[in-house]
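Engineer: These protein sequence lines map, in sequence, to chains A and B. For the first sequence, the numbering used here begins at 2 and goes up steadily by one. For the second sequence, the numbering used here begins at 39 and goes up steadily by one. The beta carbon of each residue, even a glycine, is placed where N, CA and C say it ideally should be. None of the values given here were measured: they were computed from a predicted structure.
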Amino acid sequence: AQSVTQLGSHVSVSEGALVLLRCNYSSSVPPYLFWYVQYPNQGLQLLLKYTTGATLVKGINGFEAEFKKSETSFHLTKPSAHMSDAAEYFCAVTPWGGNTPLVFGKGTRLSVIA
Amino acid sequence: DAGVIQSPRHEVTEMGQEVTLRCKPISGHDYLFWYRQTMMRGLELLIYFNNNVPIDDSGMPEDRFSAKMPNASFSTLKIQPSEPRDSAVYFCASSLWEGGDNEQFFGPGTRLTVL
Numbered sequence: 002a003q004s005v006t007q008l009g010s011h012v013s014v015s016e017g018a019l020v021l022l023r024c025n026y027s028s029s030v031p032p033y034l035f036w037y038v039q040y041p042n043q044g045l046q047l048l049l050k051y052t053t054g055a056t057l058v059k060g061i062n063g064f065e066a067e068f069k070k071s072e073t074s075f076h077l078t079k080p081s082a083h084m085s086d087a088a089e090y091f092c093a094v095t096p097w098g099g100n101t102p103l104v105f106g107k108g109t110r111l112s113v114i115a
Numbered sequence: 039d040a041g042v043i044q045s046p047r048h049e050v051t052e053m054g055q056e057v058t059l060r061c062k063p064i065s066g067h068d069y070l071f072w073y074r075q076t077m078m079r080g081l082e083l084l085i086y087f088n089n090n091v092p093i094d095d096s097g098m099p100e101d102r103f104s105a106k107m108p109n110a111s112f113s114t115l116k117i118q119p120s121e122p123r124d125s126a127v128y129f130c131a132s133s134l135w136e137g138g139d140n141e142q143f144f145g146p147g148t149r150l151t152v153l
């Protein structure tokens, strides 16, 4: 079975500061990992994904995440926060790729302070 | 591409009424997923289809919930009778099998309020 733990339901950063959103997963098989972003009253948009290969994954809007098998982590980072980054972020895992159901974390709400 | 289309965007109904949520996946996609988002439980899978056939419905809460996919371009999620605890945002997502390196595309969701 797969599960995802996102540490911190709410993270607040200043504009221009580093963004770090934490995600730890549990999976009985090599996982596929995803980060989605949800803006208010909208659906989920894919930020980035790890399937195989390079463990440092770059996504849209300047975000990146690193898959660390030894730590079972897939933390999301962005060097410099922008006001437009304020949203809800979800980490998700699936064992067989995007054609199987995603198991989501509880989400982390990111606030960016001017 | 228009993306995944869901209707209605908002639905307010009274307890005991039948509710039907609709989803049009991205053209050509062969997988369709229904998820529910609540404050208490977060995002959870209800059911998913492959080539219009239900694959896993273990997330459907109870017999009051049913889902169909009569063709590749349309799916419905029905709740009958509805209860206040069904209030949530219901998302539909679709994907295309491409050997595993793929993603699910989400619709904007239907916000359901049962009074």
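1) Report the neighbours of Pro146 of chain B on chain A: residues whose CB is nearer than 7 Å to its CB, in chain order.
2) Taking the beta strand (DSSP E) that Asn25 of chain A belongs to, which residues open and close that run?
3) Counting Cβ pairs closer than 8 Å, one from the segment 106-118 of chain B and one from the segment 66-74 of chain B, do we hit at least three?
4) Would Tyr128 of chain B pass as an interface residue toward chain A - the criterion being a Cβ-Cβ separation below 8 Å?
5) Sort A:Pro32, A:Ala82, A:Arg110 and A:Val14 by Cα distance to Gly54 of chain A and report the nearest one.
6) Between the segment 77-91 of chain B and chain A, which residues of the former have a C-beta closer than 7 Å to a C-beta of the latter?
7) So, with DSSP's three-state summary, where would you put Gly30 of chain B?
8) If we define contact as Cβ-Cβ less than 8 Å, is Lys69 of chain A a contact residue for chain B?
9) For Leu49 of chain A and Asn140 of chain B, what's the separation of their Cα atoms in angstroms?
10) Can you give me the Cβ contacts of Leu47 of chain A inside the same chain, cut-off strictly under 7 Å, excluding the 5 residues immediately before and after it?
11) To the nearest angstrom, report how far apart Glu49 of chain B and Arg74 of chain B are at their CA atoms.
12) Who pairs with Asp94 of chain B in a beta bridge, going by DSSP?
13) Which of the three DSSP states, helix, strand or coil, is assigned to Pro63 of chain B?
14) Starting from the beta carbon of Asn25 of chain A, find every residue of chain B whose beta carbon is closer than 9 Å, and list them in chain order.
15) Please check if any C-beta of chain B sits within less than 8 Å of the C-beta of Gly98 of chain A.
16) Hey, would you say the C-beta of Gln75 of chain B is under 7 Å away from at least one heavy atom of the ligand ADP?
17) In chain order, what residues of the same chain have a beta carbon less than 7 Å from the beta carbon of Pro46 of chain B, not counting five sequence neighbours either side?
18) Take every Cβ of the segment 124-132 of chain B, pair it with every Cβ of the segment 14-26 of chain A, and state whether three or more of those distances are shorter than 8 Å.
19) So with Cβ pairs under 8 Å, would you call Glu52 of chain B a contact of chain A?
Structural biologist: On the basis of the data shown:
1) Residues of chain A whose Cβ lies closer than 7 Å to the Cβ of Pro146 of chain B are, in chain order, Gln43 and Gly44.
2) Val20 to Ser27
3) Counting Cβ pairs under 8 Å, three or more are found: they touch.
4) no
5) A:Pro32
6) Going along the segment 77-91 of chain B in chain order, one finds Gly80, Leu81, Leu83 and Tyr86 with a Cβ nearer than 7 Å to chain A.
7) The requested residue 30 of chain B does not occur in the structure, where chain B is confined to residues 39 to 153.
8) no
9) 11 Å
10) Phe35 and Tyr37
11) Glu49 of chain B and Arg74 of chain B have their C-alpha atoms spaced approximately 14 Å apart.
12) Note: Asp94 of chain B sits in a beta bridge opposite B:Tyr86.
13) coil
14) Under the 9 Å cutoff, chain B gives no residues; its nearest Cβ is about 15 Å from Asn25 of chain A.
15) yes
16) No copy of the ligand ADP occurs in the structure displayed, which carries no ligand at all.
17) Thr148
18) no
19) Taking Cβ atoms only, chain A never reaches closer than 8 Å to Glu52 of chain B, which makes this a no.
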